[in-house]
């Protein structure tokens, strides 16, 4: 039976969409984490919001407590903030490919003291990460997250069998955000629309539109409305509207327009997309083409498609017409021959 993993992120980062709270142990969770805020903390929040300088080297400490009655091991990693495929800032994904506009990925300027830490029952330990700021000064922010997740124990054959019979398994993780700023200069976001391509997502046909935040600043409260037309037509084929999206600095993601269980058809299309928040607005109109190969690959992967039988109806109609013409011709010929014989 397929497992459904309910992953709970009790996050301390509150800039865009995460709650401003301590990462205390949730009910049933085995551990908790807490940022030990340093003297250069820039605001009264519970994540690391630090005022930094070029070449500065600083160690950040995190308090990790085991609330269980068993020994546990926590995996600890420093991740670069990205924008995930759902359109939200995400601090939980390791070893991501940096956006081409990202000059200083958070993961590249950090070094963790330990990739994992073992705690006895009710024990508290201090885990640390060292930040080495770039030599040159920069505008904007460097954004990342410290991600903590309990290491899965090796299971016996009996435990594995029992687990297969369970539908839901809870896995808990915590993220402590880290925001690094050198200057007080406000950097305005700048969005770009890149590639448009047909494909499939979760076994559904979609058209994916790559949106990119090219500046070292967060974009929050983002509303996106994408409409797709056949070229030369003003009738909207498909539309996707979403609100309250967010984008990490110097990141990109694929905004998808669902094809509503319909087959993708090769041809020329037009996209009109508007993205806006309370301060800025971006608008694009762009033509694109869905190739036969793209359409076939996506359609082959998609499930539950509403088949278009129009061509079958047309073919059937033509065949029926040909049959009627043939029958009429044969009857006419037979009648004419009969008359000739009588004469």
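Residue numbers (mature numbering (1 follows the signal peptide of the UniProt record, and there is no 0)): -25 to -1, 1 to 318. Yeah, the Cβ is synthetic: ideal placement off N, Cα and C, and Gly gets one too.
When the options are compared against residue i, the one with the closest alpha-carbon
| i | options | result |
| --- | --- | --- |
| residue 154 | 64, 293, 49, 265 | 64 |
| residue 25 | 41, 90, 117 | 117 |
| residue 219 | 232, 251, 204 | 251 |
| residue 254 | 275, 196, 206 | 196 |
| residue 194 | 72, 234, 268, 221 | 221 |
| residue 149 | 300, 72, 122 | 122 |
| residue 74 | 301, 185, 43 | 185 |
| residue 7 | 17, 43, 278, 308 | 43 |
| residue 87 | 76, 105, 72, 236 | 105 |
| residue 159 | 168, 303, 187, 112 | 112 |
| residue 62 | 308, 229, 294 | 229 |
Three-state secondary structure assigned by DSSP to residue i
| i | result |
| --- | --- |
| residue 299 | helix |
| residue 89 | coil |
| residue 244 | strand |
| residue 128 | coil |
| residue 306 | helix |
| residue -21 | Since pLDDT at residue -21 reaches only 37, below the 50 mark, its modelled position is unreliable, and the value read off the structure follows with that caveat. It is a strand residue. |
| residue 254 | coil |
| residue 57 | strand |
| residue 180 | strand |
| residue 205 | strand |
| residue 268 | helix |
| residue 293 | helix |
| residue 215 | strand |
| residue 72 | coil |
| residue 169 | strand |
| residue 276 | helix |
| residue 47 | strand |
| residue 82 | helix |
| residue 7 | strand |
| residue 226 | strand |
Chain-order list of residues whose beta-carbon lies under 8 Å from that of residue i (same chain, five-residue window excluded)
| i | result |
| --- | --- |
| residue 305 | none |
| residue 92 | 39, 48, 49, 51, 100, 102 |
| residue 131 | Residue placement at residue 131 cannot be trusted, given a pLDDT of 47 that sits under 50; what the coordinates show is reported in the next sentence. Nothing meets the Cβ criterion. |
| residue 98 | 40, 41 |
| residue 94 | 6, 39, 40, 41, 46, 47, 48, 49, 100 |
| residue 15 | 25, 26, 27, 33 |
| residue 339 | Not covered by the structure: residue 339. The range shown for the chain is -25 to 318. |
Inter-residue CB distance, residue i and residue j (contact presumed, cutoff 8 Å)
| i | j | result |
| --- | --- | --- |
| residue 115 | residue 66 | Not quite, the Cβ-Cβ distance comes to about 17 Å (not below 8 Å), so this is no contact. |
| residue 239 | residue 173 | 5 Å |
| residue 235 | residue 213 | 6 Å |
| residue 217 | residue 232 | No, residue 217 and residue 232 are not in contact; Cβ-Cβ is about 10 Å, not under 8 Å. |
| residue 273 | residue 175 | 5 Å |
Nonlocal neighbours in the same chain, by C-beta distance under 7 Å from residue i, ignoring five residues either side
| i | result |
| --- | --- |
| residue 162 | 114, 115, 190, 191, 192 |
| residue 266 | 241 |
| residue 263 | 171, 244, 246 |
| residue 69 | 52, 54 |
| residue 126 | 48, 49, 50, 91 |
| residue 17 | 24, 25, 26, 156 |
| residue 178 | 276, 277, 278 |
| residue 204 | 210, 211, 212, 244, 245 |
| residue 71 | 55, 57 |
Proximity test, residue i beta-carbon vs the ligand MG heavy atom, cut-off 7 Å
| i | result |
| --- | --- |
| residue 49 | Looking at this structure, you won't find the ligand MG or any other ligand, since it has none at all. |
Nonlocal neighbours in the same chain, by C-beta distance under 6 Å from residue i, ignoring five residues either side
| i | result |
| --- | --- |
| residue 81 | 55, 117, 119 |
| residue 31 | 108 |
| residue 257 | 166, 250 |
| residue 298 | none |
| residue 27 | 108, 155, 157 |
| residue -5 | Only weak support is given to the placement of residue -5: the predicted model assigns it a pLDDT of 39, under 50, and the question is left unresolved by the model. |
| residue 215 | 201, 232 |
| residue 180 | 234, 239, 273, 277 |
Short CB-CB distance (under 8 Å) between residue i and chain D
| i | result |
| --- | --- |
| residue 233 | The structure shown contains no chain D, having only a single protein chain. |
Segment contact, 8 Å Cβ cut-off, at least three pairs: the region 4 to 16 with the region 28 to 41:
yes
Can at least three beta-carbon pairs, one atom from the region 57 to 71 and one from the region 154 to 165, be found at a separation below 8 Å?
Three or more beta-carbon pairs separated by less than 8 Å are not found between the region 57 to 71 and the region 154 to 165, which leaves the two stretches without contact.
Could you say if the region 208 to 226 and the region 71 to 86 meet the contact criterion of at least three C-beta pairs nearer than 8 Å?
Touching, per the Cβ criterion.
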